[in-house]
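Note sheet for the following structure.
Number of protein chains: 2
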Amino acid sequence: MIVELISVGTEILLGNIVNTNAAYLAEQCASLGLSCYYQTVVGDNVDRLTETLQTALERSDIVILGGGLGPTQDDLTKEVTARVLGLNLVKDAHTEERIREYLEARGFTVTENNWKQALAPEGAIIVDNENGTAPGLIIEKGDKRVILLPGPPNELRPMFEKDIYPYLDKLQPGVIYSKTVKVCGVGESIAETMIQDLIEKQTNPTIATYAKTGEVHLRVTAKAEDEKEARKLVKPMVKELKGRFGNSIYTTDTEVTLEKAIVDLLEANHLTVATAESCTGGLLSARIINVPGASEVFKAGYVSYSNKTKRKLFGVKRSSLEKHGAVSSTVAKEMAKGAAMLSKADVTVSVTGIAGPDGGSAEKPVGLVYIGCQVRGEVVIKEYHFKGNRNKIREASVSAALSLMRECILQYCSNVMFSN
Amino acid sequence: MIVELISVGTEILLGNIVNTNAAYLAEQCASLGLSCYYQTVVGDNVDRLTETLQTALERSDIVILGGGLGPTQDDLTKEVTARVLGLNLVKDAHTEERIREYLEARGFTVTENNWKQALAPEGAIIVDNENGTAPGLIIEKGDKRVILLPGPPNELRPMFEKDIYPYLDKLQPGVIYSKTVKVCGVGESIAETMIQDLIEKQTNPTIATYAKTGEVHLRVTAKAEDEKEARKLVKPMVKELKGRFGNSIYTTDTEVTLEKAIVDLLEANHLTVATAESCTGGLLSARIINVPGASEVFKAGYVSYSNKTKRKLFGVKRSSLEKHGAVSSTVAKEMAKGAAMLSKADVTVSVTGIAGPDGGSAEKPVGLVYIGCQVRGEVVIKEYHFKGNRNKIREASVSAALSLMRECILQYCSNVMFSN
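Protein sequences appear in the order of chains A and B. 1 is the number of the first residue of the first sequence in our numbering; add one for each residue after it. 1001 is the number of the first residue of the second sequence in our numbering; add one for each residue after it.
Shown next as structure tokens:
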């Protein structure tokens, strides 16, 4: 089935906000096995929205509209949709009650224009909104489906996950099942080369690769009559990928991020961690602490941007700074060791590099980064050359540091196992 | 004039990447005074791209296409555009030379398919690409303009700024001039209320508000026969806004971020800074260090996520933690003071809060954050209640911390001036 996405909102046309809803919905639809050929953004304008919706209905089976369901006169997605489909708007008592409850619970007075949000095209399926006053709407007309969702991502996403995804899933014969294999420390092009043969001969399951900073996610998707059958198709392909990528796979769980996998690994092995950052300035510690419950393993984070602080905080030698410079494997090593002394953490990670735009030289160009990882006295230093602007280099450094941490912890654990 | 944006790329339709190019181009076009009514995303498909481009040409004066200019067979934006406009593709010797130089300088061998990027529709204006091999193209046909840009943002943006913006600017009679007034520490709705009367009666100049996390940007745009005239129209409005927002305005320079303004303020007053973070986990120090040259003022950053580290690192009292909890104004104060002792920095900022999703209670809900700012012995603590998910709360905390820092530094400087 073919789906089309329409985002309604002048703020997107003016570039005030980035259209993250479209990316979210597109990824969800792809995982449902729906084909999406067009995404359109249009403003809150009757004629242009009418034309856009009509065109979409001609060429697609399902049209998902996001935005324009607010209480003001400007919001007219519902009104236009009803008119295009030839449906009347009728008051929905259940929604009226929900709006009243929602607003009163938050101490707001219900104003007359709020009742606009309780109107729905006749026959529409009402989808309750747990995080706002505008309900979602599913309208079935002939073999076409129009789905209306509120614009704010914190309303649209939970609603989609809870009600729209299952609805769309049921529309199609059979079941879609997918599993994501998450790989770190392997470049996108290398990963693609490693599975070129699998992609070329793929039918069911299919493999899609999603490149993230420092990571590649491989989504294996199968379609079958029931979930059991679909899982059966996915399983051998995931096994094949595990054989090819080995330890570089950090999870096959959609919900697990690289930092979460590392926090789990530290916890399972009763290890604590501390960070010593220069060019990343705290982004590495922030990634680790973004894992709820990281306080169990995270001892401390230190940010030293100047040479003086590197000396005072980590005890980096003046001679090392003079001889090798702040961006060097020697200083990365001394930072990792210093952080271990300071924090008494089992694992310490240091990052020092040139994020640009200034500070580069022929010998040490922008993008040169040294990352050190110390695990109970053993230190590993790696040299990296990243491309892109300051932000890209910083983000790539953080991802590389996480990958290196994971590698070193795994190495340490296997050594311990081996020596026992 | 009416502009329309077409983004070409299957990776956007699949939701693999967020369409940040569209937001960027939309904001640029808005600042040029161009009206944008539609944005479309379409895949690398001849028929669908042809149809989309034809529709856009019917209803808009200028069509900007981004993406699909790569060297592979899949990339067909240029080929489709040439066909729709009835133009032949001819080899451009200048571009051929540039591609050779670009690749050879990076040690790459030029492969046969690279020469595809040296083809251009006859009569097209070639726009050199400083950051890649695909040149931009401007095609004028009758009263229509089609502009083709490479998809990678680090190629598209510099090219747009350097060559496309001036080109579009010249197309229109008169001159557009705008100035952005950046406000921090004032909520979006309050800011809008404060200028409601100005917005209602606006004609020339106009005011557009852009809400960022913890900030509001007010863009004043005027249109006139020449720049001098346009500046004259903008000036009194900027003055009016300065009168209304006073010290909350941190800059009227487009390039200056809040963190840059703070680093400049610290530098100008010979002050140094250190951070003490809990729930933000290093995001605050990372924001400050994102300013090139921040090493002059940034002494150190500390991240303590657990109570134990708060005690050991900052000397937060066990009794404070027991009596008030880690998320309290008392602990925020002790963290700011401890960081000052540790780093000897003039200004220290502490953040402690509940970013969720767990850890909240009726008394201390998710989103409760205390921020402390110490300037040479004086400490100010503020309590905040942020909404949204873990990331939103962390980002809002960082912005609030920067605003508070700025406020306290300004206060300190005015006291010093006053006492002198």
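Every residue, glycine too, gets a C-beta built ideally from N, C-alpha and C. Keep in mind it's a predicted model, so treat the numbers as computed, not measured.
Excluding the 5 residues preceding and the 5 following residue i in the sequence, name in chain order all residues of the same chain whose CB lies nearer than 7 Å to its CB.
i	result
residue 214 of chain A	184, 396, 399, 400 and 403
residue 1179 of chain B	1220, 1234, 1238 and 1252
residue 1167 of chain B	1138
residue 1130 of chain B	1158
residue 126 of chain A	92, 94, 95, 120, 135 and 137
residue 976 of chain B	Shown here, chain B extends from 1001 to 1420; a query on residue 976 of chain B therefore has no answer.
residue 417 of chain A	none
residue 232 of chain A	none
Considering just the uninterrupted stretch of the alpha helix (DSSP H) at residue i, what are its terminal residues?
i	result
residue 1314 of chain B	1307–1314
residue 138 of chain A	Segment 136–141 is the beta strand (DSSP E) holding residue 138 of chain A; no alpha helix (DSSP H) there.
residue 231 of chain A	227–245
residue 76 of chain A	Per DSSP, residue 76 of chain A belongs to no alpha helix (DSSP H) and is neither H nor E.
residue 338 of chain A	329–343
residue 1095 of chain B	1093–1105
residue 52 of chain A	46–59
residue 172 of chain A	Careful: residue 172 of chain A lies outside any alpha helix (DSSP H) and carries neither H nor E.
Taking residue i as the reference, which of the options has the closest Cα?
i	options	result
residue 1373 of chain B	B:1196, B:1127, B:1323 and B:1272	B:1272
residue 112 of chain A	A:145, A:120, A:87 and A:73	A:73
residue 119 of chain A	A:70, A:157 and A:131	A:70
residue 1067 of chain B	B:1289, B:1277, B:1390 and B:1132	B:1132
residue 1412 of chain B	B:1375, B:1391 and B:1381	B:1375
residue 970 of chain B	B:1284, B:1290 and B:1218	Here chain B comprises residues numbered 1001 to 1420, so residue 970 of chain B is not present and cannot be evaluated.
residue 383 of chain A	A:406, A:361 and A:350	A:350
residue 186 of chain A	A:201, A:244 and A:149	A:244
Leaving out the 5 sequence neighbours to the left and right, which residues in its chain are closer than 6 Å to residue i when beta-carbon positions are compared?
i	result
residue 1279 of chain B	1353 and 1355
residue 1393 of chain B	1355, 1367 and 1386
residue 1145 of chain B	1062
residue 1163 of chain B	1127
So residue i contacts chain A; which residues on that side make the cut at Cβ distance below 9 Å?
i	result
residue 1102 of chain B	Residues of chain A passing the Cβ test: none, with the nearest at roughly 14 Å.
residue 1038 of chain B	13, 40, 41, 42, 43, 48 and 52
Under a Cβ-count criterion, where at least 16 other Cβ atoms within 10 Å of its own Cβ denotes burial, should residue i be classed as buried or exposed?
i	result
residue 108 of chain A	exposed
residue 1371 of chain B	buried
residue 318 of chain A	exposed
residue 341 of chain A	exposed
residue 155 of chain A	buried
residue 1039 of chain B	buried
residue 361 of chain A	exposed
What in chain B is Cβ-close to residue i, meaning under 7 Å?
i	result
residue 285 of chain A	1281, 1282 and 1303
residue 309 of chain A	1299 and 1300
residue 422 of chain A	Only positions 1 to 420 of chain A appear in the structure, and residue 422 of chain A is not among them; the question remains open.
Let's see if you can read the secondary structure: which residues bound the beta strand (DSSP E) around residue i?
i	result
residue 206 of chain A	206–212
residue 1349 of chain B	1347–1353
residue 1395 of chain B	Per DSSP, residue 1395 of chain B belongs to no beta strand (DSSP E); it is in the alpha helix (DSSP H), 1390–1419.
residue 149 of chain A	144–149
residue 249 of chain A	249–251
residue 324 of chain A	Premise fails: residue 324 of chain A lies in the alpha helix (DSSP H), 318–324, not in any beta strand (DSSP E).
residue 1184 of chain B	1175–1184
residue 1039 of chain B	1035–1042
residue 1222 of chain B	1215–1224
residue 1381 of chain B	1378–1385
Along chain B, which residues have their Cβ under 9 Å away from the Cβ of residue i?
i	result
residue 358 of chain A	1292 and 1293
residue 30 of chain A	1013, 1014, 1015 and 1016
Residues of chain A with CB closer than 7 Å to the CB of residue i, please, in chain order.
i	result
residue 1018 of chain B	18, 20 and 23
residue 1154 of chain B	388 and 389
residue 1328 of chain B	Neighbours of residue 1328 of chain B on chain A: none; closest Cβ ~16 Å, over 7 Å.
Which chain B residues are close to residue i, counting only those with a beta carbon under 8 Å from its beta carbon?
i	result
residue 250 of chain A	The contacting residues do not exist; residue 250 of chain A stays about 20 Å from chain B at best.
residue 390 of chain A	1290 and 1292
residue 27 of chain A	1014, 1015 and 1016
residue 261 of chain A	The contacting residues do not exist; residue 261 of chain A stays about 17 Å from chain B at best.
residue 210 of chain A	1016
Taking Cβ-Cβ distances shorter than 8 Å, what residues in chain A pair up with residue i?
i	result
residue 1336 of chain B	The contacting residues do not exist; residue 1336 of chain B stays about 16 Å from chain A at best.
residue 1057 of chain B	The contacting residues do not exist; residue 1057 of chain B stays about 15 Å from chain A at best.
residue 1397 of chain B	None at all; the shortest Cβ gap to chain A is about 11 Å.
Tell me which residues share the same chain as residue i and place their Cβ nearer than 8 Å to its Cβ, disregarding the 5 neighbours each side in the sequence.
i	result
residue 1320 of chain B	1328, 1330, 1331 and 1334
residue 1188 of chain B	1209, 1211 and 1216
residue 1037 of chain B	1002, 1004, 1059 and 1060
residue 83 of chain A	50
residue 85 of chain A	121, 139, 141 and 146
residue 267 of chain A	296 and 297
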